[in-house]
Every structure is written in C-alpha cells, then in structure tokens.
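S.K.:
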Amino acid sequence: MDKKSKQFLYEYLNNASPTGFESPGQQIWLDYLKPYISDHIVDVYGTVVGVVNPKAAYKVVIEAHADEISWFVNYITEDGYIYVRRNGGSDHQIAPSKRVNIQTENGIVKGVFGWPAIHVRDAGKEETPTLKNIFIDVGAESKKEVEAMGVHVGCVITFEDELMEMNKHWLVGRALDNRMGGFMVAEVARRLHENKKKLPFALYIVNAVQEEIGLRGAEMISRRIKPDVAICTDVTHDTQSPMYNKKESGNLKCGNGPVVCYGPAVQNNVLKMVIETAQKRKIPFQRQAVSRSTGTDTDSFAYSAEGVASALISLPLKYMHTTVEMVHKDDVESVINLIYEFLLQLKPGHDFRYIK
Numbered sequence: 001m002d003k004k005s006k007q008f009l010y011e012y013l014n015n016a017s018p019t020g021f022e023s024p025g026q027q028i029w030l031d032y033l034k035p036y037i038s039d040h041i042v043d044v045y046g047t048v049v050g051v052v053n054p055k056a057a058y059k060v061v062i063e064a065h066a067d068e069i070s071w072f073v074n075y076i077t078e079d080g081y082i083y084v085r086r087n088g089g090s091d092h093q094i095a096p097s098k099r100v101n102i103q104t105e106n107g108i109v110k111g112v113f114g115w116p117a118i119h120v121r122d123a124g125k126e127e128t129p130t131l132k133n134i135f136i137d138v139g140a141e142s143k144k145e146v147e148a149m150g151v152h153v154g155c156v157i158t159f160e161d162e163l164m165e166m167n168k169h170w171l172v173g174r175a176l177d178n179r180m181g182g183f184m185v186a187e188v189a190r191r192l193h194e195n196k197k198k199l200p201f202a203l204y205i206v207n208a209v210q211e212e213i214g215l216r217g218a219e220m221i222s223r224r225i226k227p228d229v230a231i232c233t234d235v236t237h238d239t240q241s242p243m244y245n246k247k248e249s250g251n252l253k254c255g256n257g258p259v260v261c262y263g264p265a266v267q268n269n270v271l272k273m274v275i276e277t278a279q280k281r282k283i284p285f286q287r288q289a290v291s292r293s294t295g296t297d298t299d300s301f302a303y304s305a306e307g308v309a310s311a312l313i314s315l316p317l318k319y320m321h322t323t324v325e326m327v328h329k330d331d332v333e334s335v336i337n338l339i340y341e342f343l344l345q346l347k348p349g350h351d352f353r354y355i356k
C-alpha cells in the first residue's frame with residue numbers, strides 16, 4: 001500500500017456512508033477511480049460503476065458494497081433524548097457510551113449513547129442494552145432544542161470511530177464491512193492501469209449501495225449491466241477469537257489469505273478458476289461453505305435475469321458490525337492480487353456452463 005492508496009483508504013473509511021445515504025463516500029471512491037477507467041455509471045439510487053474497455057461484448061464485474069450499518073432518529077422525547085431504530089444490522093449491545101454523528105441538513109450534530117452509571121444499577125436486576133432502552137443525548141434540554149439543531153425523525157446516525165492501524169499488521173475501525181471491498185476493487189483497477197494491462201473484455205468495477213438491508217443495489221445494477229461473469233468481494237468472520245464456534249462458522253483466520261466460498265449461488269466453474277489462479281500464483285486462500293445463500297451481493301448477481309456466473313472472494317474480518325472491525329493487511333493485499341490475477345488469465349467469451 002503506497003502513500004496514495006493509504007490516503008484514499010483513510011479518507012474513504014473515515015467518511016460516513018450509511019445505507020441509503022452513500023453518496024459522499026461514493027464521490028470519494030469515484031474521484032479516486034476516475035484516472036484508471038474509461039467511463040462510469042451512476043444509477044438513480046447511487047451505485048457507482050467504473051468501466052474499462054466499455055465497447056467490448058463480454059462483460060466482467062468485480063464488485064463490493066459501499067454502505068455501512070447505522071441508525072435512524074425514531075423518536076425525540078420532550079426532554080430532548082433521542083430513541084433510534086436500526087438502518088441495517090446495527091448492534092444495540094455495543095451502543096452505550098459510544099459517540100455518534102447525526103447527519104443533518106445543517107451538518108454533523110454530535111451526540112452520545114448515554115447509559116446509567118454503574119453506581120445506580122442493581123447488579124441482580126440491571127437491564128441489558130436493547131432497542132427499547134438505548135438512547136442518544138445531544139446535550140439538549142428539550143425536544144425544541146434538539147429540533148433547532150436540525151435533528152428530526154429520519155436523520156441517520158453513525159458511530160464516530162475512525163480507522164487506525166494496530167501492531168503494524170492490522171487495520172481497525174468501523175465500516176471495514178465493506179468499504180475495504182470498495183478499496184480493494186479500486187486498487188485492482190489502478191494496478192491494471194498502471195501496469196498497462198489491456199483487457200480483452202469490458203470490466204465493470206461496481207461499488208453497490210444498500211447491501212446491508214437486502215442486497216438491493218447489486219440487484220438493480222446487475223440487471224442494468226447484464227454481465228457474463230461477476231466476482232464479488234465482501235467480508236466474512238474470522239472465527240479464532242473467543243466466543244466463536246468453529247463447528248458452526250468454520251475455521252477461518254485473519255492473515256491466512258482470502259476466503260473462497262462454496263454454496264449454491266457460487267458457480268462452480270468460476271470458483272474452480274479462482275482456486276486454480278490462486279494455486280498457480282501461490283496466493284494463500286481458505287475455504288468456507290454456506291448452506292443456502294452467501295448473504296452477500298453475490299446472490300443478487302448470481303440470480304439476476306437469466307443468471308450470471310458468479311463467485312465470492314471474502315476478506316476475513318474480526319468483530320463484524322462493531323466499531324472495532326479488524327482485517328489483516330496481508331489479506332487485503334492477497335484479495336487484490338487474486339482478483340487482479342484472475343482477470344489477467346480470463347479469456348473473453350469463456351463459457352462457464354456445466355453442460356455444453
């Protein structure tokens with residue numbers, strides 16, 4: 001990761017990009033990508049696509065999603081406290097004592113998730129955090145004062161925590177799920193351009209919106225592009241830290257390489273090509289199985305229109321949907337390298353059907 005990549009990573013990760021309100025982050029992403037693409041698409045809900053070699057008939061997608069989990073202002077009490085509801089899979093248990101940014105038309109309003117002091121709680125009867133009892137304090141004494149700040153029902157809220165590096169090898173922060181994916185696919189495009197690689201097919205670098213509430217951005221853009229092949233990247237659980245069950249979630253470890261996924265939505269011939277590429281280029285990888293859907297944008301691409309040959313390359317991550325999500329730098333580099341090498345060996349017109 002050079003200075004330019006690192007600057008982009010920090011700007012992109014530290015920016016808020018909540019589900020349904022991704023545009024500021026998408027603009028940062030597109031501005032970084034523009035020197036490495038021929039054209040771009042922005043759809044009506046904010047999915048952004050960089051295009052290389054747009055006139056080619058065979059279409060290949062590499063994809064990540066842009067949105068992060070967040071909260072909505074749901075109710076403001078008469079004495080100025082704010083109750084929330086989820087926007088995506090936000091974790092109520094981590095909320096108390098966290099600092100937040102409330103996005104308003106007047107700019108950011110600072111707040112905190114308050115919580116009663118330990119001194120006044122009865123250890124035998126104390127409540128655990130739930131959506132019924134977590135609340136935000138913006139330092140106001142009335143609903144009128146809150147509203148004068150520009151805060152109203154429907155304002156979106158993100159945690160304040162920003163990206164940091166830890167023990168040389170780790171990136172830590174909120175929303176690594178899945179803006180690390182957006183970073184990685186952008187880096188693939190940059191390397192292709194800077195290494196003067198001319199692809200014999202059209203490449204669509206997709207940063208989709210609204211994954212966290214049902215894969216909606218990918219659903220829309222897949223129908224528009226109608227690709228022949230899609231390689232999606234998202235995060236998956238590192239299962240090594242305490243309280244994970246390897247028998248249920250698999251044996252996956254940050255630092256051991258990208259995770260390739262087996263499941264019905266994953267087209268096996270594309271998966272085989274991904275694995276063969278990793279083996280040929282000596283890129284470490286891990287394997288994961290899913291029972292039905294992958295739970296990622298891979299599903300939307302796979303089942304789009306007549307079907308798209310799709311595969312999922314995941315980045316192992318610790319502590320998903322918290323403000324201390326962690327990824328290993330070596331895995332980030334390996335995911336970028338694997339997608340890059342896959343594209344270089346792919347021939348236009350490749351027919352991935354099982355029976356021909």
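Residue 84 in the numbering used here sits at position 84 of the sequence shown, with consecutive numbering throughout. Positions of the beta carbon are idealized from the N, C-alpha and C atoms, including for glycine. Here the structure is a predicted model, which is why all the values come from computation and not from measurement.
Relative to the alpha-carbon of Ala175, which residue among Glu212, Lys329, Lys143 has its alpha-carbon at the smallest distance?
M.R.: Ranking Glu212, Lys329, Lys143 by Cα distance to Ala175 puts Glu212 first.
S.K.: In three-state terms, what does DSSP make of Gln26?
M.R.: Of the three classes helix, strand and coil, the one that applies to Gln26 here is helix, per DSSP.
S.K.: For Val100, report the span of its beta strand (DSSP E) as first-last.
M.R.: Where Val100 is concerned, the enclosing beta strand (DSSP E) stretches over 99-104.
S.K.: For Ala358, tell me which candidate among Arg353, Lys347, Asn87, Ile355 has the shortest Cα-Cα distance.
M.R.: The requested residue 358 is not part of the displayed model; the chain covers only 1 to 356.
S.K.: To which residues of the same chain is Pro18 closer than 7 Å at the C-beta, ignoring the five residues directly before and after it?
M.R.: Asp67, Glu68, Ser70, Asn87, Val156, Thr158.
S.K.: Following the continuous beta strand (DSSP E) through Leu312, name the residue where it begins and the one where it ends.
M.R.: Taken as a continuous stretch (DSSP letters only), the beta strand (DSSP E) holding Leu312 covers 309-317.
S.K.: DSSP on Phe201, reduced to helix/strand/coil?
M.R.: Coil, per DSSP.
S.K.: Of the residues Arg216, Lys110, Ile355, which one's Cα is nearest the Cα of Asp43?
M.R.: Cα-wise, what sits closest to Asp43 is Arg216.
S.K.: Following the continuous alpha helix (DSSP H) through Ile41, name the residue where it begins and the one where it ends.
M.R.: Not the alpha helix (DSSP H): Ile41 falls in the beta strand (DSSP E), residues 39-42.
S.K.: Per DSSP, Phe159 is paired with what?
M.R.: According to DSSP, Phe159 bridges with Val100.
S.K.: Hey, quick one: how far does the beta strand (DSSP E) through Leu346 stretch, first residue to last?
M.R.: First-last for Leu346: undefined, no H or E at that position.
S.K.: Entirely within the segment 211-263 and at least 3 residues each: give me those beta strand (DSSP E) ranges in chain order.
M.R.: Listed in chain order, they are 229-237, 259-262.
S.K.: Would the segment 101-121 count as touching the segment 43-53 if we require 3 or more Cβ pairs under 8 Å?
M.R.: No: the two stretches stay apart, fewer than three of their Cβ pairs being nearer than 8 Å.
S.K.: Beta carbon of Val151, beta carbon of Gly80: below 7 Å?
M.R.: Result no, Cβ atoms of Val151 and Gly80 do not sit closer than 7 Å.
S.K.: Is Met166 closer than 7 Å to Val172 when the C-beta atoms are compared?
M.R.: Yes; because the gap between Cβ atoms is below 7 Å, this pair is in contact.
S.K.: What do you get for Pro258, buried or exposed, if any count of 16 or more other CB atoms within 10 angstroms of its CB means buried?
M.R.: Label assigned to Pro258: buried.
S.K.: What is the residue span of the beta strand (DSSP E) that Ser70 lies within?
M.R.: Counting along the chain, the beta strand (DSSP E) containing Ser70 begins and ends at 70-76.
S.K.: Leaving aside the five residues before and after Pro24 along the sequence, list all residues of the same chain whose C-beta is less than 8 Å from its C-beta, in chain order.
M.R.: Asn15, Ala16, Ser17, listed in sequence order.
S.K.: Hey, could you find the ends of the alpha helix (DSSP H) Ile275 is sitting in?
M.R.: That run of the alpha helix (DSSP H) goes 268-280.
S.K.: Which of helix, strand or coil does DSSP assign to Pro18?
M.R.: In the structure shown, Pro18 sits in a strand (DSSP, three-state: E or B).
S.K.: Classify Tyr58 as helix, strand or coil using the three-state DSSP reduction.
M.R.: Correct three-state label for Tyr58: coil.
S.K.: Using CA coordinates, which residue listed in Trp170, Ala95, Gly124 is at the minimum distance from Asn133?
M.R.: Among Trp170, Ala95, Gly124, the Cα nearest to that of Asn133 is on Ala95.
S.K.: Exposed or buried, what is Met326 when buried is set at 16 or more other beta-carbons lying within 10 Å of its beta-carbon?
M.R.: With 16 or more Cβ atoms within 10 Å of its Cβ, Met326 is classed as buried.
S.K.: Checking 7 Å against the spacing of the C-beta atoms, do Val188 and Tyr340 come in under that value?
M.R.: Their beta carbons are under 7 Å apart, which means Val188 touches Tyr340 by this criterion.
S.K.: Met180 lies in the beta strand (DSSP E); which residues open and close that run?
M.R.: Met180 -> not in any beta strand (DSSP E); alpha helix (DSSP H) instead, spanning 176-194.
S.K.: Output needed for Tyr12: all residues of its chain with C-beta closer than 8 Å, excluding positions within five of it in sequence on either side, in chain order.
M.R.: The residues are Gly25, Ile28, Trp29, Tyr32, Arg179, Gly182, Phe183.
S.K.: Skipping 5 residues on each side, what residues in its chain have a beta carbon closer than 7 Å to that of Cys261?
M.R.: So the list reads Gln288, Val290, Thr294, Leu312, Ser314, once near-sequence residues are dropped.
S.K.: For Asn337, which of helix, strand or coil comes out of DSSP?
M.R.: Asn337 falls in the helix class under three-state DSSP.
S.K.: Under the three-state reduction of DSSP, which class applies to Lys3: helix, strand or coil?
M.R.: Correct three-state label for Lys3: helix.
S.K.: Taking the alpha carbon of Gln240 as the point to measure from, which residue in Gln267, Phe301, Glu306, Leu317 has its own alpha carbon closest?
M.R.: Measuring from the Cα of Gln240, the nearest candidate turns out to be Leu317.
S.K.: Do Lys59 and Asp228 have their C-beta atoms closer together than 7 Å?
M.R.: In contact: Lys59 and Asp228 (Cβ atoms closer than 7 Å).
S.K.: Considering only residues of the same chain and omitting the five flanking positions on each side of Thr233, which have a CB-CB separation below 8 Å?
M.R.: Contacts found: Ile62, Glu63, Ala64, Asn178, Gly181, Met184, Val185, Leu312, Ile313, Ser314, Leu315, Val335, Ile339.
S.K.: Using three-state DSSP, classify Glu145 as helix, strand or coil.
M.R.: Helix, per DSSP.
S.K.: What distance in whole Å lies between the Cβ atoms of Lys329 and His169, which are believed to be in contact at a cut-off of 8 Å?
M.R.: At roughly 6 Å, the Cβ-Cβ gap stays under 8 Å, so His169 and Lys329 are in contact.
S.K.: Classify Ala117: buried if its beta carbon has 16 or more other beta carbons within 10 angstroms, exposed otherwise.
M.R.: With fewer than 16 other Cβ atoms within 10 Å, it is exposed.
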